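Numbering (the numbering used here), first residue to last: 1 to 99.
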């Protein structure tokens, strides 16, 4: 006989894990050492269920650590903003790893 209460509990746990997984990233390089080390798991703020990042440029400042998708790398990149420039009305972020 199927225990629907137990099945519902597993479904809730699965949903929580799936949502949490969208907010986690694994550090894949040493570029942010000694803040983050290779293999560390970081929690990402402002990511929604679909993995699309909500972004408000007024929230970002020099010194913030950001996660972005780079065309040259197949994993999300975690780096620090070291400068913010306005070039012809377009906000540009200068980023680099700490190491």
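Cβ atoms here follow ideal geometry from the backbone N, Cα and C, with glycine treated the same way.
This one's a predicted model, so the numbers in the text were calculated from it and none came from an experiment.
Non-local C-beta neighbours of residue 38 in its own chain, meaning closer than 8 Å and more than five positions away in sequence, comprise 27, 28, 29, 30, ordered along the chain. Fully enclosed beta strand (DSSP E) runs of no fewer than 3 residues occupy 65 to 69, 76 to 87 of the segment 61 to 95, in order along the chain.
For a cut-off of 8 Å, the C-beta gap from residue 95 to residue 66 is around 7 Å, short enough to register as a contact. The C-alpha of residue 32 lies about 31 Å from the C-alpha of residue 14.
Residues of the same chain with a CB within less than 7 Å of the CB of residue 82, apart from the 5 flanking positions on each side, are 62, 94, 95, 96 in chain order.
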